[in-house]
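*Asks:*
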Amino acid sequence: MRIGLNGAVLEAGKAVIPALDHGLLYGIGLFETFRTYGGVPYALDRRLARLRQGCETLGIRWTMTDAEVRRWLAAVLEANGLADAYVRLTVTAGDAGLGLNDGPYERPNTLLMVKPLPPLGGRLYREGRELRILRTPRGMPETPVRLKSLHYMTNVLAKRELAASGAPAGAEGLMLTREGWLAEGIVSNLFFVKDGIVRTPAIATGILPGITRALTLELARSEGLETEEGYYTAADLLMADEVWLTGSVQEIVPVTRIAEADGTVRTVGSGLAGPVTTRLLEAYRAKVRRSIGAAAEGVW
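Each residue of the sequence shown is one higher than the last, beginning at 1 in full-length UniProt numbering.
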């Protein structure tokens, strides 16, 4: 495996960061995960904009340009023999000595990693997956809007709870806020349809403002669908006509079974992907194809 470090491409064992990096010592850092289609990253401009905004919030002086990231990504993909890949771009605060830092981080470290995409067969998008409601709560972020930061302990604990629950392979876990509002999946944002309205938890519940979440809302509105961001309960979700999850790697995935915390499993709709889910997935993939086609013609 070859890993990118600060613009270079190295063997995995040589891609190291200092022991005094504040990403390691204090979790000061951010990351983005996304996928490539034929070597082209989708919506990278939005992801880098979110990353830069987070770096500004944390005082990390990260200066790589979009063009530099694209060239570097192409080199890392080539070194690993991949075109369709899962990508993680990480920015750490960098070496700032032992002790808390009250000033800006001037020398961040940047890591770029790729791996093959997980299996994403057509069956997943027809038959959907199970969503299990977890007891691990989604706490509020330290910042006004949640950053995609290296503070990931809650998600790890949620993943462990999901694994111990007996959920089937491929299931996703759903966290609620401490007040009982629907929040988000371990690695996904949540949507559901009720009374013809596409609904998703509000950013103010403490969820990550996902890029694919935003794109899905935009697509729904362009398709003439009414959308709503708000505060919802598990009871609202259990009464939904359709449910799906969004994420940059798996795109828009239908949820066809919901398991409550006590293990009770309920079928969503007909037990297969619903019409709105399917419609939005098709619209999303059409948008990706247009973007990838533009990249191939040198528009990006």
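From the three backbone atoms N, C-alpha and C, an ideal C-beta is built for every residue, glycine too.
Remember, it's a predicted structure, so these values are computed and weren't measured experimentally.
Quick one: what does DSSP say Ala202 is sitting in, helix, strand or coil?
*Replies:* Residue state, collapsed to three classes: coil.
*Asks:* For Gly149, write down the residues that DSSP places opposite it in a beta bridge.
*Replies:* Before going further, note that residue 149 is Ser rather than Gly in the sequence given. Paired residue(s): Leu30.
*Asks:* Just to confirm, is the Cβ distance from Leu131 to Thr216 under 8 Å?
*Replies:* No, the Cβ-Cβ distance between Leu131 and Thr216 is not below 8 Å.
*Asks:* Taking one C-beta from the segment 90-109 and one from the segment 51-59 each time, how about it: are there three or more such pairs within less than 8 Å?
*Replies:* Enough Cβ pairs lie closer than 8 Å, so yes.
*Asks:* Can you list the beta strand (DSSP E) stretches of 3 or more residues lying completely in the segment 101-163, in chain order?
*Replies:* Qualifying beta strand (DSSP E) stretches, in chain order: 109-116, 129-133.
*Asks:* How many Å lie between residue 301 and Glu127 at the Cα?
*Replies:* Since the first residue shown for the chain is 1 and the last is 300, residue 301 is missing from the structure and cannot be characterised.
*Asks:* Measure from the alpha carbon of Arg129 to the alpha carbon of each residue in Ile3, Gln250, Gly7, Ser291, then state which is nearest.
*Replies:* Residue Gln250 is the option with its Cα nearest to Arg129.
*Asks:* Determine the extent of the beta strand (DSSP E) in which Gly54 is found, giving its start and end residues.
*Replies:* Counting along the chain, Gly54 falls outside any beta strand (DSSP E), though it belongs to the alpha helix (DSSP H) covering 44-58.
*Asks:* So for Trp72, helix, strand or coil by DSSP?
*Replies:* Trp72: helix per DSSP, three-state reduction.
*Asks:* Considering Arg65, what are the terminal residues of the beta strand (DSSP E) in which it resides?
*Replies:* Going by the sequence as given, residue 65 is Thr instead of Arg. Here Thr65 belongs to no beta strand (DSSP E), and DSSP marks it neither H nor E.
*Asks:* Have a look at Val69, Tyr284, Leu111 and flag the residue whose alpha-carbon is nearest the alpha-carbon of Pro18.
*Replies:* Comparing Cα positions, the closest option is Leu111.
*Asks:* Count Cβ pairs between the segment 149-162 and the segment 189-197 that sit closer than 8 Å; are there 3 or more?
*Replies:* Verdict: no, contact absent.
*Asks:* Below 8 Å, how does it come out for the segment 227-246 and the segment 257-273: are there three or more Cβ pairs, yes or no?
*Replies:* Touching, per the Cβ criterion.
*Asks:* Taking the continuous beta strand (DSSP E) assigned at Arg221, which residues delimit it?
*Replies:* Counting along the chain, Arg221 falls outside any beta strand (DSSP E), though it belongs to the alpha helix (DSSP H) covering 211-222.
*Asks:* Relative to the alpha-carbon of Ala169, which residue among Gly210, Arg138, Pro119, Pro209 has its alpha-carbon at the smallest distance?
*Replies:* The option with the nearest alpha carbon to Ala169 is Pro119.
*Asks:* Helix or strand or just coil, what does DSSP make of Ile207?
*Replies:* If DSSP states are grouped into helix, strand and coil, Ile207 belongs with coil.
*Asks:* Does the contact criterion of 3 or more C-beta pairs under 8 Å hold for the segment 173-189 versus the segment 205-219?
*Replies:* Yes, they touch.
*Asks:* For Ile197, tell me which candidate among Ser291, Trp62, Val276, Gly29 has the shortest Cα-Cα distance.
*Replies:* Among Ser291, Trp62, Val276, Gly29, the Cα nearest to that of Ile197 belongs to Val276.
*Asks:* Grouping DSSP H, G and I as helix and E and B as strand, with all else coil, what is Val265?
*Replies:* Val265: strand per DSSP, three-state reduction.
*Asks:* Please determine if the segment 1-21 and the segment 94-102 are in contact, where contact requires at least 3 C-beta pairs separated by less than 8 Å.
*Replies:* The segment 1-21 vs the segment 94-102: in contact.
*Asks:* What is the DSSP secondary structure of Pro168, counted as helix, strand or coil?
*Replies:* Three-state result, Pro168: coil.
*Asks:* Would you grab the beta carbon distance between residue 357 and Val288 for me? Rounded to a whole angstrom, and I think it's under 8 Å.
*Replies:* Within the shown structure, residues of the chain are numbered from 1 to 300, placing residue 357 beyond reach of any answer.
*Asks:* My output table needs one value for Glu78: the three-state DSSP class, helix, strand or coil.
*Replies:* Reduced to three states, the DSSP call for Glu78 is helix.
*Asks:* What is the DSSP secondary structure of Ala96, counted as helix, strand or coil?
*Replies:* If DSSP states are grouped into helix, strand and coil, Ala96 belongs with coil.
*Asks:* Does the separation of the CB atoms of Asp66 and Leu44 fall below 8 Å?
*Replies:* Yes, these two residues count as a Cβ contact at 8 Å.
*Asks:* Go ahead and pull the three-state DSSP assignment for Gly196.
*Replies:* Gly196: coil per DSSP, three-state reduction.
*Asks:* Give me the Cα-Cα distance between Ile252 and Thr246, rounded to the nearest whole angstrom.
*Replies:* One C-alpha to the other measures close to 5 Å.
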